[in-house]
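In this note's numbering, the protein residues as written are -13 to 917. Here a beta-carbon is modelled for each residue, glycine too, at the ideal position from N, C-alpha and C.
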């Protein structure tokens, strides 16, 4: 995320690259002991701050300005007092070109804005940061008005009046940075000098002309941007650290780290200025490092080690580096001298000094040179023959850009701002310093020297970028351009050195320490000369001397990478074997130690367990004696009332009884058994028995359905009516009562289906709302001749219907209200007499008592009649005949005829084996039934 911030504030569009880095940076990535990245640091070198105020043809300012105008939301644009039109700003519309990257400005701004939050920039920091960026755009639109309008070198009196854009730019600049307007105008059109008096220095204000005011305004913009950029990188460095360090620790490069140097490449434009001079100087130093570490040092090492070697020629650019930087006489030193001399610095006098001193230098040319690699060199130009090619520099503004000068009254103005970032990048002590600031070139030379020290302490690897063409087109390779880059990057020389040299070299002791496990003679310990040990390893691996490797004075050199990689593969395989052996030995040792620990612990546990068990047995035996003694005493007094003496035995008895009762408690209604109990518990046993009976009955009653309840009610009524009164009662107890008994008779089953449907239709009922209470098939006897006739009886809540069993014709219809009682005998016969009230009124039954016989279901029939008539509580409704002849065990069953006369049926027990015999007495004409 930090890279997107660096791209926005440090990159710009150039003629060679749409995303060219305009500052050099060294990124240091730190790692912990496990190899995990845990921090980092970024060092920057020579930001091209002049790009803030002016850009070359077909180039742009830094990306952040365009991202802000195109990507910020409307509210932010309003707060920063900006206009989205790029043409409104002087610092942006000079030589402005359209770039394809503009299509992504909005998305790039969103990514950059998010990255600021990720890198621990607070909301206030972000707001203040973009206020500074916006204020720079407004600062560039401020114009000045001269005194009389005669010349640009005349003094000015104020910011240009009448120019609405200029006045608004001044207002917005002051508003964003919280500056006073009048103080800002005074600081922009005057320069403050300090005149040393007798006691203290005196401040004197000197007016500026338009050219000087523009220079002061632009220097303020460049200084603001440069300091803000440095502050951004510092904050990024702080966020990359795991904990908060001081500034010295944040900018240090100590620890285990990998460094990445990303710096501008060699630049050659149509017009090359001060920035290209510094950039190419940096590339010269990097190329010098490359030569030193790859070409020169390697060949010197072969010579020192007395390795047979054919030297390879290469170009050493140290002479060019000395031309630019070597003290006390170099281009940078002459530039600094010209900037520090009294009066206005002059680019031409600086160039003349260079020409006078370096006229005979092989890598320097100017207009005074006799031999020129470039035919037409102007008066204000000079040439340096770099390692990468000849570059023509224009000295215009060289001294101004090198001066790094900002007037103190402008610093005083900026220090009055309430912006938090400005307060941190400008300090009050700067106003008290009388010495001039170090020039840009000197600062760059110092920083580059520190960078070289860092790089010399590393083991460098190079990534060389080859530009295929100058038009930024894909799939287009300019062969001449590529060939030129390969040549000036010394890639061919490096390739020849690498091809003719050795891929790997190592001191004997280090090589032996690393690879001694590959040879039995050197493993595990070798006490001889390391060189002899290394030789033994190579001979064991069957390497050929002077072909696969060479032996130096202190080092071994392996020629081919293939050989070295094979050596490393063998070493890694050997490490696996050794690791497995170490692992096996360690596991065996660890298991042995674990076994000993377990064995020792087991002995201790066994010894203590035996002690504990012995103590436990002793304690249990003591307790057992006490319990047995108490139990015997309680047993002796077991028949006495419950007390502390006998409670042990009694409690045991009670417990046993309750456990036995829990296992054998009766669960059925008819099961009246109960386990025996001790004498002291008889009263409690009786209570438990009653509770159990109630509980069993309750559970049984809950499960009974309404139909079954009705049957049981009838059975209970049957018991009350017939128990110990009629001999056939016991036979009827196990037979459930039904409402319909027709289907139990065979004569009914043979009836045609249409007759059965007629019978079920109840069409013969007097009232269709009648409810059928009982239906059965009986034998009816005439009252006079006792002729037997089969009848179907249908009992409803209002009437008793008698139908002919074959024709289903209605023969009898008796109102239930007219039935006065029922008579039957005590024997097992099925004769029943229904006593009917005799009335001559219309609608009453006038035939006398109804005599019917049902040998199988006569008890059920009587109970149904009594239930339907609601006579359960009437004790005299059901009558049992008295004995007529006691010696014959004969009963008389009386009945009445329709005229009121009385007759009777004799029922007696049969003396023969034929039961249920019905016949008439020839003398009396009575009906006699033997049962």
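Ranked by Cα distance from residue 413, the options 424, 291, 394, 426 are led by 394.
Under the three-state reduction of DSSP output, residue 414 falls in the coil class, being neither helix nor strand. The secondary-structure analysis by DSSP pairs residue 460 with nothing; it has no beta-bridge partner.
DSSP, reduced to helix, strand and coil, places residue 538 outside both helices and strands of the structure shown, so it counts as coil. Here residue 866 has 711, 812 as same chain residues with Cβ atoms under 6 angstroms from its own Cβ, once five neighbours each way along the sequence are excluded. When C-beta atoms of the stretch 107 to 124 are compared with those of the stretch 5 to 14, fewer than three pairs fall below 8 angstroms, so the two segments do not count as touching. Residue environment: residue 604 is assigned as exposed (fewer than 16 neighbouring CB atoms within 10 Å of its CB, all protein chains considered). Nearest to residue 253 by C-alpha distance, out of 174, 374, 304, 327, is 374. Per DSSP, the beta-bridge partners of residue 17 are 23. Residue 176 carries a strand assignment under DSSP once its states are collapsed to helix, strand and coil. Contact annotation: residue 326 and residue 316 have beta-carbon atoms that are not nearer than 9 angstroms. In this structure, residue 658 lies near residue 679, with their beta-carbon atoms less than 9 angstroms apart. Boundaries of the beta strand (DSSP E) harbouring residue 799: 796 to 801, taken from the DSSP string.
In this structure residue 64 is exposed. Its beta-carbon is surrounded by fewer than 16 other beta-carbon atoms within 10 angstroms. Residue burial is scored here from C-beta neighbours: residue -4 has at least 16 other C-beta atoms within 10 angstroms and is therefore classed as buried. Inter-residue distance for residue 824 and residue 884 is about 7 angstroms (C-alpha atoms, whole angstroms). Under the DSSP assignment, residue 822 falls in the beta strand (DSSP E) whose first and last residues are 817 to 822.
Contact annotation: residue 259 and residue 380 have beta-carbon atoms nearer than 9 angstroms. Inclusion of residue 763 and residue 727 in the CB contact set at 9 angstroms is warranted, their separation being smaller than that value.
Rounded to the nearest whole angstrom, the C-alpha separation of residue 500 and residue 557 is 8 angstroms. Comparing alpha-carbon positions, the option among 843, 819, 702, 72 lying closest to residue 888 turns out to be 819. Of 646, 223, 127, the smallest CA-CA separation from residue -12 is found for 223.
According to DSSP, residue pairing for residue 810 in a beta bridge involves 866. Counting only runs that start and end inside the stretch 466 to 525, the beta strand (DSSP E) elements of at least 3 residues fall at 490 to 493. In the pairwise beta carbon analysis, the stretch 89 to 109 is classified as not touching the stretch 189 to 199: fewer than three pairs are separated by under 8 angstroms. Burial check for residue 12: the Cβ neighbour count within 10 Å reaches 16 or more, so the residue is buried.
Contact between residue 838 and residue 766 holds, since their C-beta atoms are separated by about 5 angstroms, short of 8 angstroms. A Cβ-Cβ distance of about 6 angstroms is found for the pair residue 127 and residue 152, placing them in contact under the 8 angstroms criterion.
Residue pairing from DSSP leaves residue 577 without any beta-bridge partner. Residue 730 counts as exposed, since fewer than 16 other beta carbons sit within 10 angstroms of its beta carbon. If you ignore the 5 residues before and after residue 620, its C-beta comes within less than 8 angstroms of the C-beta of 631, 632, 633, 634, 635, 636, all in its own chain and listed in chain order. When secondary structure is reduced to three states using DSSP, residue 389 falls in the helix class. If you compare the alpha carbons of 513, 546, 516 with that of residue 529, the shortest gap goes to 546. Annotation: the continuous beta strand (DSSP E) that includes residue 368 extends over 367 to 372. Around the CB of residue 506, fewer than 16 other CB atoms lie within 10 Å, so the residue is classed as exposed.
Closest by C-alpha distance to residue 836, out of 178, 802, 629, 467, is 802.
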